[in-house]
Amino acid sequence: MKYQNIIFDFGNVLGRFDGAYITSKFCKDERMRKEFARLVMEHWEALDAGMADYEAARQEAIKKAPEDWKEAVNHFFQDWYRYLTPIPQTWELVRELKKTGFKCYILSNAPTYFAEHADYYEIVREFDGVVFSAPVRMAKPDARIYRYLFEHFDLKPETCFFLDDKLANVEAGRAAGMDGIVFTGDVEAVKKEIFAII
């Protein structure tokens, strides 16, 4: 087989990251949710890249929050990771690929706090290796994080196939030497690509 290693993003590939749904769990007033989301996610890109401290971001958000939001903001920072909705067809794909003999890895942009709690989702424990962006202080589509993945797990890029929901990340993966596809939820399209060359 051409491919030996299948690389999965987490958000919107293994678990649906829906900011509106997640914030609805902490902000019950529908009219205020966008403002709540702006507050709690103000530093999200920096948190993903490991360029901001999670605890400092939490404290800053609580400080900025109106008095009647402070408890909800604190709960958001403690519990948001529980509200990514599992995507069952992708979980099944991982298990099918593992049974077929593929190695499976996660390469995902996420804050350190998510990296510390990711095994809340049992599927994470079934992967052969995991790279989350914040702990390594680099994030997709930065070419360095792809090189880090290959070097850390001793993978040859040409033996890897990458699934991500963002075109920029897939294109960066291709530039780093691995094939890939933008994941839209169509598992059959993914299988067709993976098994196209035997």
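Here this note's numbering is used: the sequence shown runs in plain steps of one and ends on residue 553. Virtual Cβ for every residue (Gly too), placed ideally from N, Cα, C. Predicted model, so just to flag it, every value in this text is computed and none were measured.
- Judged by their CB atoms, ALA470 and ALA494 are not nearer to each other than the 9 Å cut-off.
- Annotation for TYR460: the continuous beta strand (DSSP E) segment containing it runs 458-463.
- With respect to the 9 Å criterion, THR445 and PHE363 are classified as neighbours on the basis of their beta carbons.
- The Cβ neighbour count for ASP509, taken over all protein chains shown within 10 Å, is under 16; the residue is labelled exposed.
- Here TYR436 is buried, its C-beta having at least 16 other C-beta atoms within 10 Å.
- Residue burial is scored here from C-beta neighbours: LEU439 has at least 16 other C-beta atoms within 10 angstroms and is therefore classed as buried.
- A straight-line Cα-Cα distance of about 22 Å links VAL368 and LYS357.
- A check of alpha carbon separations from ARG388 across LEU462, HIS398 and TYR376 identifies TYR376 as the nearest.
- TYR460 sits buried, since 16 or more C-beta atoms from the chains shown fall within 10 Å of its C-beta.
- Under a 10 Å Cβ-count criterion, THR378 is classified as buried, with 16 or more other Cβ atoms of the shown protein chains found around its own Cβ.
- In this structure ALA527 touches TYR501 by the C-beta definition: roughly 7 Å separates them, less than 8 Å.
- With distances taken between CA atoms, PHE482 lies nearest to GLU451 out of ARG499, GLU451 and LYS511.
- Sixteen is the threshold: when 16 or more other Cβ atoms of the shown chains lie within 10 Å of the Cβ of GLY405, as they do, the residue is buried.
- With respect to the 9 Å criterion, ALA465 and ASP408 are not classified as neighbours on the basis of their beta carbons.
- Only buried fits ASP519, as 16 or more other CB atoms lie within 10 angstroms of its CB.
- Its Cα nearest to that of PRO512, the residue ALA530 stands out among LYS521, TRP424 and ALA530.
- Per DSSP, the beta-bridge partners of LEU518 are PHE363 and ILE536.
- From the listed residues PHE391, THR514, ALA523 and ASP384, the smallest Cα separation to GLY374 is found for PHE391.
- By the neighbour-count criterion, in which 16 or more other beta carbons inside 10 Å mark a residue as buried, GLY456 falls on the exposed side.
- Here the C-alpha atom of GLY532 lies approximately 24 Å from the C-alpha atom of GLY540.
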